[in-house]
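Worksheet: one structure, shown below.
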Amino acid sequence: MVAELETLLGWKSLAVGLWVLAFFVAERLLPAARPLPAPGDNRKPAGGWWRLGRNLGLWLLNAALSPLLILPLTFWAATHALSWRPDWWQGLPGLALDILLLDLLIYWWHRANHEVPFLWRFHEVHHLDRFLDTTSALRFHFGEVVLSALARAAVVLLLGFPFTSVLVFEVLVLLGAIFHHSNLRLPATLEQVLARLIITPSIHWVHHHALRRDTDSNYGTLFSFWDRLFGSRSAQPRDLAMPIGVEGRAEEGFVSLLVHPLRAAPAVLPSAKSRSPD
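Each residue of the sequence shown is one higher than the one before, starting from 1 at the first, in full-length UniProt numbering.
See below:
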């Protein structure tokens, strides 16, 4: 088991690492937006080196957790999952259906991270980032990563997802997150075509808008049709000048971000039902 996990982790890390590097370079050659100045200090852009260090620091913590906890937990859940699947749910058609179902489940998990105050304590760390680029996709509190792994393990255990499907889906999620968090300028026509099926940078940019109404929308991870189906798609088009972050909240230092969920209850985002109509 250890050898298999190490091999799989190696291939996964290689694929994701090359993808991150490609987008990190591409978004600097063809940026969609430039970092806005920090409030009250025009000399310090929101996308400076300190921000890069914070984001990569959080990623390194989570990268250390993956081989120690996340991957073994997922592997255990998949190898002990309930066996109830019919014979036709196999092969490539079965893999495609698994990816579709897992993406539906992660849509609702993401939505819960916004609407359940306890989960938002951890997820808010991701949204406090005041600019969007490739490194934003790597910026998550380790507590959220652990909670997500536990939720995923429970789903895999009960619904019988094979480890191959879960691993393929996790790689797609990472690649998709890096893409739709990126600050890459795409041709407008290409982005419009892609947005009919998958989450694009312009869709996810609105999700990171500091205005709560927009933060509380566009929850999709891979496919864009879940938001349309469940009424959570924002009608707000992307404006590259819109402020990124959490309304009424400032960015924090690295250590402060680590203890952020333990402090006084943060601002709770309104539910979809309480969203203002305009």
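Idealized CB from N, CA, C, for every residue including glycine.
Notebook entry, point to check: Is H209 helix, strand or coil when you go by DSSP?
Noted result: strand
query = Smallest Cα separation from F169: which of D103, L194, F179 and G17?
reply = Measuring C-alpha to C-alpha distances from F169 to each of D103, L194, F179 and G17 identifies D103 as the nearest.
Quick check on the burial criterion: 16 or more other C-beta atoms within 10 angstroms. Buried or exposed for T221? buried
Review point. For W120, does the count of other Cβ atoms within 10 angstroms reach 16, so buried, or fall short, so exposed?
Key: buried
Between I203, W76 and W108, which lies nearest to S234 when the distance is taken from Cα to Cα?
-> I203
Exercise for review: Check P201 in the structure and name its three-state DSSP category.
Suggested key: helix
- [ ] State the DSSP-derived secondary structure class of P117, mapped to helix, strand or coil.
- [x] In the structure shown, P117 sits in a helix (DSSP, three-state: H, G or I).
Check your understanding: What does L184 pair with, by DSSP beta-bridge criteria?
Key -> P31
>> Taking 7 Å as the limit between beta carbons, can you name the residues of its chain near E191, skipping five residues before and five after?
In response: T200 and S202
**Prompt:** Is any heavy atom in the ligand MN found nearer than 7 Å to the beta carbon of N218?
**Reply:** Although the ligand MN was asked about, the structure shown includes no ligands whatsoever.
request  = Tell me, please, whether the stretch 77–88 touches the stretch 102–118 by the rule of three or more beta-carbon pairs shorter than 8 Å.
outcome  = no
* To do: Please name the residue or residues paired with I106 in a DSSP beta bridge.
  => Partner(s): none; I106 has no beta bridge.
Rounded Cβ spacing between L194 and E27 (contact assumed at less than 8 Å) = That belief does not hold up - the Cβ atoms of L194 and E27 are roughly 16 Å apart, past 8 Å.
Does DSSP put F140 in a helix, in a strand, or in coil? DSSP places F140 outside both helix and strand once states are collapsed to three, so it counts as coil.
Just list the residues that DSSP pairs F223 with in beta bridges. I198
(request) Below 8 Å CB to CB, which residues in the same chain sit around A151 once its five sequence neighbours on both sides are set aside? (result) W109
| said: Out of V246, L14, L229 and V16, which one is the CA nearest neighbour of W205? | reply: V246
Out of R213, T164, L172 and L69, which one is the CA nearest neighbour of L147?
L69
Original post:
For A154, does the count of other Cβ atoms within 10 angstroms reach 16, so buried, or fall short, so exposed?
Top reply: exposed
| field | Strand pairing of I70, partner residues [DSSP] | value | As DSSP reads the structure, I70 sits in no beta bridge.
Q) In terms of alpha-carbon separation, which member of M242, A210, S232 and W11 lies closest to R34? A) The shortest C-alpha separation from R34 is found at M242.
R275 by DSSP, collapsed to three states: which one? Unreliable positioning characterises R275 in this predicted model, as indicated by a pLDDT of 42, which lies under 50. A coordinate reading is not provided.
**Prompt:** What residue range is occupied by the uninterrupted alpha helix (DSSP H) comprising R51?
**Reply:** W49 to L65
Determine, using beta carbons only, whether F23 and F179 come nearer to each other than 8 Å.
yes
Practice prompt. Within its chain, find whatever has a CB closer than 7 Å to the CB of G160; leave out the 5 residues flanking it on each side and keep chain order.
Written response: A81, L82, S83, W84 and R85
query: On the premise that F131 lies in contact with R51, defined as a C-beta separation below 8 Å, what is that separation, rounded to the nearest angstrom?
result: Their Cβ separation, rounded to whole angstroms, is 7 Å, which keeps R51 and F131 in contact under 8 Å.
- request: Using alpha carbons as the reference points, say which of T135, R263, R196 and D129 lies closest to L174.
  value: T135
Check: Applying the criterion that 16 or more other CB atoms from any shown protein chain within 10 Å of the CB defines a buried residue, is P261 buried or exposed?
Finding: buried
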